[in-house]
Amino acid sequence: MGIARLLAKGWIVFCLFAGAHAIRLALLTGIPLQTSAFAIGICAVLFMAMGLLFVGGFGASAGHSRTPWLTRLRPRHLIPGFNETVFIVFVTLSFLNQALVAPVVIDRGAAGALENALYFLLPGQRALVHALEGCTLDGGRAFSAAFTWLLAIVYLANAVSRLKLQAGLIRLEAGERVQPLGPTLRAFLFGIVAVIGIQFLFVGSAYPWLACSAFADITGAVLIGLAPLMLAYLIVAALASLMAAAPEK
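Using our numbering, you'd call the opening residue of the sequence shown number 35 and step up by one each time.
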């Protein structure tokens with residue numbers, strides 16, 4: 035997977051997820067759905083187009099291909115693979131849990147057990163809980179974070195079992211089109227960003243730097259409900275690129 039494609043996918047998911055939470059927060063404040071959906075939808079589309087414009091420019095300038103982009107486009111490029119489908123399903127489940135389930139099942143039964151288990155296992159979950167306690171905020175945010183981390187762990191374990199297949203696809207793409215960055219350098223760049231993400235999210239270094247207002251708006255919703263899944267996706271991309279760089283046996 036190229037850097038441009040990864041950035042494009044991540045930006046689209048981020049814009050859609052943030053837009054959905056913006057509509058949810060607007061509804062909670064009493065703004066009618068038809069008004070909030072139209073205004074927020076325009077903003078989300080503009081932000082998405084702006085990001086894709088920069089990503090597309092990066093991909094076009096780095097590709098060094100004389101073949102027009104529309105000529106290279108194939109129907110298979112529009113169909114998400116298995117890992118992408120699982121990722122989209124998990125992101126949807128995370129949003130639905132944040133919006134509908136977590137505020138209702140705070141510290142109840144299985145929700146409390148999951149919170150306690152992830153609190154014990156993940157330093158980032160402990161850092162988040164301490165930050166929320168300092169801000170006297172919860173509203174299901176701790177359970178939302180625990181549920182998202184559980185989905186991220188499941189996704190990572192599932193995707194790692196298919197690393198050889200994904201590495202083979204990367205080799206095939208490299209054979210079809212000249213890549214500006216080889217698998218080794220691409221894996222190195224993905225790995226650097228993944229290490230930073232692990233430090234900020236898994237270890238929890240980012241949470242003490244956030245103001246209490248951030249946890250109550252879209253920033254906190256994205257950080258809690260989407261960032262762990264995107265980190266898992268990035269780790270899989272780094273491992274697949276690293277495996278593609280190794281000689282075939």
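Just so you know, even glycine gets a beta-carbon here, dropped at the ideal spot from N, CA and C.
Thinking C-alpha only, which one of the options is nearest residue i?
i    : options                : result
A165 : A193, A228, A54, Y241  : Y241
L285 : A245, V227, I74, S239  : Only positions 35 to 283 of the chain appear in the structure, and residue 285 is not among them; the question remains open.
F81  : Y267, E167, F51        : F51
L148 : I74, R39, S178, T119   : S178
M33  : I74, Q68, C49          : Here the chain comprises residues numbered 35 to 283, so residue 33 is not present and cannot be evaluated.
G238 : I252, F222, L257       : L257
F222 : L244, L203, A279       : A279
L235 : G168, A191, G158       : G158
W31  : S70, N131, C169, R39   : Outside the modelled stretch of the chain, which goes from 35 to 283, sits residue 31, for which no answer is possible.
G115 : L265, L203, A161, L219 : L203
F88  : P66, F72, L40, L67     : L40
Whose C-beta lies closer than 7 angstroms to the C-beta of residue i among residues of the same chain, with five residues either side of it excluded?
i    : result
L263 : F121, F124, V125, S128, T182, L185, A186, Y189
G143 : none
V163 : Y153, A176
L268 : F224, V227, A228, G231
L197 : L273, A274, M277
N131 : S178, F181
Q233 : S239
If you count every other CB in all the chains shown that lies within 10 Å of the CB of residue i, and 16 or more means buried, which is it?
i    : result
I37  : buried
N150 : exposed
I76  : exposed
C246 : exposed
V270 : buried
A145 : buried
V138 : exposed
Q200 : buried
G64  : exposed
A133 : buried
A191 : exposed
L107 : Only weak support is given to the placement of L107: the predicted model assigns it a pLDDT of 49, under 50, and the value that follows is read from those uncertain coordinates. With fewer than 16 other Cβ atoms within 10 Å, it is exposed.
Might you give, ordered along the chain, the residues of its own chain that have their beta carbon closer than 8 angstroms to the beta carbon of residue i, omitting 5 neighbours on each side?
i    : result
L86  : A42, W45, I46
L104 : At L104 the pLDDT is 44, less than 50, meaning the model places this residue with poor confidence; the figure from the coordinates comes in the next sentence. Answer for L104: no residue qualifies.
G53  : I74, G75, C77, A78
I252 : A52, H55, A56, L59
G173 : A136, P137, I140
Can you round the beta-carbon distance between residue i and residue j to whole angstroms, since I take them to be within the 8 angstroms contact cut?
i    : j    : result
A248 : G254 : 5 angstroms
L171 : A250 : 6 angstroms
S70  : L61  : 7 angstroms
Between residue i and chain B, is there a C-beta pair that is closer than 9 angstroms?
i    : result
A240 : You won't find chain B in this structure, because it holds only one protein chain.
I'd like the list of long-range same chain contacts for residue i, defined as Cβ closer than 6 angstroms, with 5 residues on each side in sequence excluded.
i    : result
R205 : A278
A193 : N117, V270
L265 : G231, L235
- prompt: Where in the segment 126-198 do unbroken runs of the beta strand (DSSP E), each at least 3 residues long, occur, reported from the N-terminal end onward?
  reply: Whole beta strand (DSSP E) segments, 3+ residues: zero.
message: I'd like the ranges of any beta strand (DSSP E) spanning at least 3 consecutive residues and lying wholly in the segment 221-283.
response: If only uninterrupted beta strand (DSSP E) runs of at least 3 residues are considered, none is enclosed by the segment 221-283.
Alpha helix (DSSP H) runs contained entirely in the segment 44-76, provided each spans 4 or more residues: Segments of the alpha helix (DSSP H) lying fully in the segment 44-76: there are none.
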